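Q: Take the sequence shown: its position 32, counted from the start at 1, is 32 in UniProt numbering, and no numbers get skipped.
Each residue gets a CB set at the ideal place from its N, CA and C atoms; glycine is no exception.
Bear in mind the structure is a predicted one, so any value in this text is a computation, not a measurement.
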Amino acid sequence: MADDDQWWYNTTTGEVEHGAQSPWSDRAGPYKTREEAEGAPARIAANSRRMNEDD
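1) Secondary structure at A45, three-state DSSP: helix, strand or coil?
2) Terminal residues of the continuous alpha helix (DSSP H) containing E36?
3) How far does the beta strand (DSSP E) with E17 in it reach, from first residue to last?
4) Around the C-beta of A42, are 16 or more other C-beta atoms found within 10 angstroms, so that it is buried, or is it exposed?
5) Residues bridged to R27 by DSSP?
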């Protein structure tokens, strides 16, 4: 799947982007759907909690 067919969550702006519009350092993803990208903040927070628990 090409970058322009994927969805990203911009961690700086909080916006969902279709295609790789922002620098890689500002993006989480890729995701297959807009809905998956919209759920990125919750997924990122859950992963951070799990990593902190493992420490």
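A: In terms of the structure at hand:
1) The residue given as residue 45 occupies position 45 in the sequence shown. Residue state, collapsed to three classes: helix.
2) As a position in the sequence shown, residue 36 is number 36, starting the count at 1. Run containing E36: 34-38, per the alpha helix (DSSP H) assignment.
3) In the sequence shown, the residue the question calls residue 17 occupies position 17. E17 -> beta strand (DSSP E) spans 16-18.
4) The count along the sequence shown starts at 1 and reaches residue 42 at position 42. Its Cβ having fewer than 16 others within 10 Å, A42 is exposed.
5) Working through the sequence shown from its first residue, we reach residue 27 at position 27. Residue pairing for R27: DSSP places it in a beta bridge opposite N10.
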